[in-house]
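Report on one structure; see the data block that follows.
Residue numbers (my numbering), protein chains in the order written: chain A, 97 to 443; chain B, 97 to 443.
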């Protein structure tokens, strides 16, 4: 087998001796070590201080021996330099200032140079890459245009995304300008992350699942594919995770991503049937399973491994970020179970 | 063709001269007539006063000529007589008192007689049936056990349903007792509605889509099927709408419902491929489409009709309740378009 790290080989559909595993939001509140750092610094300070971002990025690698790290940062880093500061209040998710309420607001968004305004992301990545074991690649990430636009238009989180969809359906030309701007900003950010040392990047379209297939084709695929094209380099896999899109995962595959994230509502064998043999699949345990007993958790893990067949082109993950109330011990057992049993499934 | 109402024939997969249409939450805030009544009475008063429930139930029938009415009531009517009062605050959804926090709380829930404690539902239905045109059947409804349990366990609305799932995974025996109680209460309520004159019933599993397929099979299918069996009578179709379950709609079909509700993420031709020829399908326009222009709305309606093939066994509806900001004129045009064009699609 190649000496390329396990995670990167799996992303490219190459043979692996076992299934690699990492967990979305693995540097997070479920870890006491993370909470200790967070007690001393607010969220943005953590993101913007390379030493702190590096420390929390490494915590789950040290604790659980995961097969990939993901830079500690936030989906919404690109909004403040566009003129829309983001505040993280208690419990109700982020609040975005200067929300986009009409076409004129789109044209008021500021252009910026990622290498200046987001220099702190590159600084953190260089420090993390220097500290990580050589066989643990670092993943960079950004939000997809639809998800970023939803925060800009709703002014924060939403359940139904009515304002966002109304904007798309009433002002398609302004929405196209907005999505194109966001795609270009995301391309710059991801390229900055790759230049700084990330060996894979993930595009999160966390709220895409609220769209019907036609809207996803128009507002999801189109701009996400532009990003994939804008960042693709040999040996640097691009992962697209469009949560809630299991009924039309074949459209998500049209983004030409190397890897598709899958949430827990679509078994991986059904996902494979929808997208064909090419893209690798990442997922897809329900994070809620980690809050149950080992007796209910273990068979759920095995069902994910079973649905992935011989495991080729599969990266084990959750179907969404890990919950803050997750017992650390369940995470340890999950990682150990996947790493110790998945090899025996190889043909 | 039979003289049975169009909607009932479509529910049974019988030939129809055109596609029937009704809209979830059609008696609602988007109508000025509704807001006028609501200005005089709070939500529970509206539900519990037969004259008012009758008035708002008929408003959309009078205004738009829809093919079915649905009794004005709430999913959570069964909770207060179980000892868990429900309050509708502003903006944040219902709040449920005496939330279920552990197995002991399940056993503390009160038994009640639907014919006494929910007599107001029957009173409203008899009045509505007397006032409705003979060719417009009245639909009764209730919540499915999982959705009801989620309100009881979370104490209100939720985004991730972590408490509910943790309860299922840690206390499966107590959860079984809870779900069995809820199934039995729902059977009583639906039978009361049918006895009072409803000609179809719908079981709403609004939050089922947060479950992985295995949990849905265990906690959705099992108890919902028990309800379907407990209320089935010749000529009274049972509709199951489990929102967000498009990736495993074949499991929802195992409830043996006559009609399956489908949300807008799964095109109806894909739904049909998953469930086979038997159940009728109800849906599935994204309610957000109704907030756009007619230029974007009309093709979206036509895509739904196209995906339903020759239209047999299709009831047009939204994929979720109508939004309060929906322009009345778009609803009028939607109903007119479906009623005037769908007949030409018949073979």
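Just so it is clear, CB atoms sit at the ideal spot from N, CA and C, and this is done for glycine as well. Remember, it's a predicted structure, so these values are computed and weren't measured experimentally.
Euclidean distance between Cα positions of residue i and residue j
i, j, result
"residue 274 of chain B", "residue 202 of chain B", "6 Å"
"residue 145 of chain B", "residue 160 of chain B", "24 Å"
"residue 341 of chain B", "residue 360 of chain B", "11 Å"
"residue 124 of chain A", "residue 437 of chain B", "54 Å"
"residue 239 of chain A", "residue 362 of chain B", "24 Å"
"residue 487 of chain B", "residue 211 of chain A", "In the structure as shown, chain B starts at 97 and stops at 443, and residue 487 of chain B therefore has no counterpart that could be examined."
"residue 351 of chain B", "residue 254 of chain B", "25 Å"
"residue 464 of chain A", "residue 105 of chain A", "Because chain A is modelled from 97 through 443, residue 464 of chain A falls outside the range shown and cannot be assessed."
"residue 477 of chain A", "residue 385 of chain B", "Examination of residue 477 of chain A is not possible in this model, given that chain A is present from 97 through 443 alone."
"residue 225 of chain A", "residue 150 of chain A", "9 Å"
"residue 207 of chain A", "residue 278 of chain A", "10 Å"
"residue 298 of chain B", "residue 377 of chain B", "13 Å"
"residue 313 of chain B", "residue 373 of chain B", "21 Å"
"residue 135 of chain A", "residue 272 of chain B", "40 Å"
"residue 120 of chain B", "residue 186 of chain A", "34 Å"
"residue 204 of chain A", "residue 248 of chain A", "12 Å"
"residue 235 of chain A", "residue 296 of chain A", "5 Å"
"residue 394 of chain A", "residue 147 of chain B", "54 Å"
"residue 143 of chain B", "residue 285 of chain B", "15 Å"
"residue 280 of chain A", "residue 371 of chain A", "27 Å"
"residue 413 of chain B", "residue 209 of chain A", "47 Å"
"residue 369 of chain A", "residue 344 of chain A", "11 Å"
"residue 444 of chain A", "residue 387 of chain A", "Residue 444 of chain A lies beyond the stretch modelled for chain A, which goes from 97 to 443, so this question has no answer here."
"residue 184 of chain A", "residue 162 of chain A", "28 Å"
"residue 380 of chain B", "residue 392 of chain B", "16 Å"
"residue 109 of chain B", "residue 367 of chain B", "15 Å"
"residue 405 of chain A", "residue 433 of chain A", "17 Å"
Three-state class that DSSP yields for residue i in the structure shown
i, result
"residue 356 of chain B", "strand"
"residue 329 of chain B", "strand"
"residue 413 of chain A", "strand"
"residue 249 of chain A", "helix"
"residue 119 of chain A", "coil"
"residue 164 of chain A", "coil"
"residue 379 of chain B", "strand"
"residue 184 of chain A", "strand"
"residue 129 of chain A", "helix"
"residue 305 of chain A", "helix"
"residue 407 of chain B", "coil"
"residue 218 of chain A", "helix"
"residue 228 of chain B", "coil"
"residue 179 of chain A", "coil"
"residue 323 of chain B", "helix"
"residue 442 of chain A", "coil"
Start and end residues, beta strand (DSSP E) containing residue i
i, result
"residue 239 of chain A", "234-239"
"residue 391 of chain A", "First-last for residue 391 of chain A: 390-403, but that is the alpha helix (DSSP H), not the beta strand (DSSP E)."
"residue 336 of chain B", "334-338"
"residue 193 of chain B", "First-last for residue 193 of chain B: undefined, no H or E at that position."
"residue 301 of chain B", "296-301"
Own chain, CB closer than 8 Å to residue i, minus 5 neighbours either side, in chain order
i, result
"residue 113 of chain A", "97, 102, 439 and 442"
"residue 407 of chain B", "112, 114, 115, 401, 438, 441 and 442"
"residue 336 of chain B", "240, 298, 299, 301, 320, 324, 348, 351, 353, 355, 356 and 357"
"residue 175 of chain A", "181, 182, 192, 244, 247 and 248"
Where the alpha helix (DSSP H) through residue i begins and ends
i, result
"residue 271 of chain A", "268-292"
"residue 157 of chain B", "146-160"
"residue 212 of chain A", "210-213"
"residue 425 of chain B", "424-437"
"residue 104 of chain B", "102-107"
"residue 444 of chain A", "One cannot answer for residue 444 of chain A here, as it falls past the ends of chain A, which runs 97 to 443."
"residue 367 of chain A", "364-371"
Sequence-distant residues of its chain with Cβ nearer than 6 Å to residue i (five each side left out)
i, result
"residue 365 of chain A", "403"
"residue 193 of chain B", "180 and 181"
Own chain, CB closer than 7 Å to residue i, minus 5 neighbours either side, in chain order
i, result
"residue 375 of chain B", "349, 353, 354, 355 and 356"
"residue 233 of chain A", "101, 103, 104, 164, 295 and 296"
"residue 435 of chain A", "114 and 117"
Given 8 Å, three or more beta-carbon pairs between the segment 256-265 of chain B and the segment 212-227 of chain B: no
Inter-stretch contact (C-beta, 8 Å, three-pair minimum) for the segment 329-337 of chain A and the segment 268-284 of chain A: no
Three CB pairs or more closer than 8 Å across the segment 426-436 of chain A and the segment 301-308 of chain B: no
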